[in-house]
Structures are given as C-alpha cells and as structure tokens.
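Encoded as structure tokens, the structure appears first; notes follow it.
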Amino acid sequence: MSVAAQVDVVVAPVFGTNCCVVAAPGSGVRDCVVVDAGAGVADGVARVVEERRLRPRAVLATHGHADHTWDAAELCERYDVPMWMHAADVYRLDDPFGTLVSGAGAAAVSSALGRELAALGFAPEAYRAPKPVEGFETRGGSADLTFGAVTLRAVHAPGHTQGSTLYLLDPPGSDGGAAGRGGTGEDARTGGRTTTGAEADAATPDSAPSGIVLTGDVLFAGSIGRTDLPGGDDATMRATLSDVVARLDPGLAVVPGHGPTTTVERELATNPYLR
Ligand SMILES: [Zn+2]
Ligand SMILES: [Zn+2]
Numbered sequence: 001m002s003v004a005a006q007v008d009v010v011v012a013p014v015f016g017t018n019c020c021v022v023a024a025p026g027s028g029v030r031d032c033v034v035v036d037a038g039a040g041v042a043d044g045v046a047r048v049v050e051e052r053r054l055r056p057r058a059v060l061a062t063h064g065h066a067d068h069t070w071d072a073a074e075l076c077e078r079y080d081v082p083m084w085m086h087a088a089d090v091y092r093l094d095d096p097f098g099t100l101v102s103g104a105g106a107a108a109v110s111s112a113l114g115r116e117l118a119a120l121g122f123a124p125e126a127y128r129a130p131k132p133v134e135g136f137e138t139r140g141g142s143a144d145l146t147f148g149a150v151t152l153r154a155v156h157a158p159g160h161t162q163g164s165t166l167y168l169l170d171p172p173g174s175d176g177g178a179a180g181r182g183g184t185g186e187d188a189r190t191g192g193r194t195t196t197g198a199e200a201d202a203a204t205p206d207s208a209p210s211g212i213v214l215t216g217d218v219l220f221a222g223s224i225g226r227t228d229l230p231g232g233d234d235a236t237m238r239a240t241l242s243d244v245v246a247r248l249d250p251g252l253a254v255v256p257g258h259g260p261t262t263t264v265e266r267e268l269a270t271n272p273y274l275r
C-alpha cells in the first residue's frame, strides 16, 4: 500500500526542464506543489492537475535560473498560490537574463536560451516575475516545508547557484513516511503525455525506492550542473557533492532538472563527479 507522494513529470519544450507535479498521498482531491515551472509547462501542468484532481498549494523552484522559473508567474496567477524558493536565489527572478549573462560561457547560454525561447514563441521581453515570492532559509542545511498535505525537505546544495536546493519527498517523520513507492516510474510525462519506457524505467532501482529526491541542476544522470555561470562556484559544488549528495540515501530515486531519471545508488557507482 503506497503512502508516498506521487510525482508527474512535465517536460518543458524549452531546454527540456523536468517540471514535477508533487501530489500528496491519498485519494479524492489532493494537495500538490509544482517544482520547476520551466518555459511552456503551464498547460501540461494544468492537465495533470485536472486529471488527477489536484489542488496546487505553491510553485517551488530548485534554483533561480530562468529555465526553471519561466512559467511560475502564470501558474502562481492561475492557482492563486505563492512562489517558494531558497532566499539566496530570489534576486534572480527579477532579472532572469541579467543573472545569466556574465563571462564568455554564460553569454552563450543566455543567448541559446533566448533563441530557444523565441523559436517556440516565448518572447524574452514577455517574461514576468512571479508573485508573491517567499524565500526560505535552510538553517543547519535543511528545512521542512509544508504546503497543505504536501511536505518536502529542502536541502541547501549550493555550487550551481547560491540557492540551489534539493527537495526530498516523503522525508522521514512526515505523514507520507519514508517508504516511497512508484511515483516517477509509471507517471513520467513528456509534454503532458504519459510515457513509459527507458526514461521512466531508469527511476526504478533494483528494489523499491525509499523515496524521491528532486536534484535540479546539481546532479544529473551521469553528470553535474555547471559552475561557471554567475553565482556558481566550483569549490562550493565539490563540497555539496561530497557533503550532501554523497550522503543521500542510496535507495532514493532521482528526478534531475534535465534529462533522464536515475537513482542515488547508480550515480554513486557510475557518476564520474561522485567518484
Ligand atoms: Zn540552472
Ligand atoms: Zn536548468
């Protein structure tokens, strides 16, 4: 009997950001939060909310880069909910391109984002900052956040940006319990359509996952987030990888900010940045 949070992934058409709709366990109308509302996910999120009879309580972000926050304003408005993210990245919401453009590599990323947005009909000048915004602090490295019946543990994981955050679903001690089941597997979605197959299977560790962690741009399957953008820092990222990521429960399924799902166990064994 599953008591875990349920995750639907809506893949953004821009930069392939994995937007996660995290629903409380139970039946009937359930609370949910939306994590990483990338550009173009709003309608896909709305379909999930409708089909699963969900009640959005907040929009969260793993960090303040525009490919994780672009549709936050629209979703906050549509559902009349606040945006939550680590306080250290809140400043980025007011200037999504300005906080990306600095240094050679960053300019390329920013213009690539601009081109991809434009090609898909998102005018960069049409960007709106979400409101209201709540910046949380992580004293001692983590904070438990509760939105109605949804509880997540926010774990500070700086290096890609100052405020980068991992979200643990069903943290021990929450109503959801630590015995996560299913979730990312059969429910993985691409562009609002349910998918099965290789990507979804990747979330399934050898035994049932002990829970799910959303890693944003800190940890990907086989890779890690870049540290050369403004606010990124290589030494800080190395500390995050050894002190935070390497200490995660190996039984956790991982939904990264981009690309296929994986597990902590698999990354500890095969990710070159964790060895
Ligand atoms: Zn990023
Ligand atoms: Zn990203």
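Just so we're aligned: 169 in full-length UniProt numbering is position 169 of the sequence shown, and the numbers increase by one with no gaps anywhere.
We treat Cβ as the ideally placed atom computed from N, Cα and C, and that holds for glycine.
Residue pairing from DSSP leaves Ser-164 without any beta-bridge partner.
In the structure shown, His-68 adopts helical secondary structure according to DSSP, grouped into three states. Nearest C-alpha to Val-48 among Val-33, Leu-93, Thr-263 and Thr-261: Val-33.
Note: Pro-256 is bridge-paired with Gly-216 in the DSSP secondary-structure output.
Annotation for Ala-235: the continuous alpha helix (DSSP H) segment containing it runs 234-243. In this structure, Thr-146 sits away from Ala-154, with a CB-CB distance that is not shorter than 7 angstroms.
Per DSSP, reduced to three states, the secondary structure at Ala-23 is strand. When the alpha-carbon of Asn-18 is set against those of Leu-214, Asp-170 and Glu-267, the nearest one is in Leu-214. Judged by the Cβ position, Gly-257 qualifies as a neighbour of ligand 2 at the 6 angstroms threshold, a heavy atom of the ligand being closer than this. Between the alpha carbons of Asp-170 and Ser-242 lies a gap of roughly 23 angstroms. For Arg-153, the enclosing beta strand (DSSP E) begins and ends at 150-156. Going by DSSP, Leu-145 is part of the beta strand (DSSP E) stretching over 142-147.
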